[in-house]
Amino acid sequence: MRKFDKNAADTYLVEAVRVARWEQYSLGDRLPFHAMWYTVPPSSSSPRDRHPEVELSIVVSGSAAVEAGGTITEVDDGSAFLLDSEEAHVVHNRCTERPLVVFSAYWMPAELGGGEPAAVAGASGAAVAGE
Ligand code: NI
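Counting from 1, one number per residue, gives the positions in the sequence shown under the working numbering.
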């Protein structure tokens with residue numbers, strides 16, 4: 001078992017958002033995805049993001065107002081949201097007091113050449129790719 005301590009992680013700022021990427025843990029190919037935590041301060045938003053990777057996000061604390069596809073969807077702590085490949089998104093923290101903390105896992109879908117990490121994961125990776 002290996003613990004990943006968010007409070008001890010190396011972070012950097014992307015505009016207002018503090019990001020802690022899991023690359024710092026040097027996991028190599030052990031995971032079939034990339035991962036990060038990010039924190040959006042109160043009354044702030046993430047930069048507009050769009051990328052080929054599919055992105056699954058779990059709200060760790062606070063509440064996310066996720067803007068994608070022309071709508072804003074509120075996602076509370078403990079719930080999750082999935083962004084498709086090339087789906088533009090902005091994550092707003094509308095709370096004026098509490099930061100929003102999100103954990104995201106992201107990976108290249110199989111049709112865009114993401115087969116390598118899925119092969120490492122074996123059957124479970126294939127299930128994700130076949131979703
Ligand atoms: Ni993104």
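Glycine is no exception: its CB is placed at the ideal position from the N, C-alpha and C atoms.
- Straight-line measurement puts the Cα of N7 at about 29 angstroms from the Cα of A68.
- Here DSSP, grouped into helix, strand and coil, assigns A16 to coil.
- Put simply, the residues with a CB less than 6 angstroms from any heavy atom of ligand 1 are D49, H51, E55 and H89, in chain order.
- Between the region 69 to 82 and the region 46 to 53, the count of C-beta pairs closer than 8 angstroms stays below three; the two stretches do not touch.
- Setting aside the 5 residues that flank it on each side, T39 is surrounded in the same chain by R18, P99 and V101, each with a C-beta closer than 6 angstroms to its C-beta; the list follows chain order.
- Apart from the 5 residues on each side of it in sequence, M108 sits with its Cβ closer than 7 angstroms to the Cβ of P52, E53 and G114 in its chain, given in chain order.
- Between S104 and A20, the C-beta spacing is not below 8 angstroms.
- DSSP places W37 in the uninterrupted beta strand (DSSP E) bounded by H34 to V40.
- Runs of the beta strand (DSSP E) lying entirely within the region 46 to 86, each at least 3 residues long, are 54 to 61, 63 to 68, 71 to 76 and 80 to 83 in chain order.
- L100: member of the beta strand (DSSP E) spanning L100 to W107, first to last residue.
- Under DSSP, N7 forms no beta bridge with any residue.
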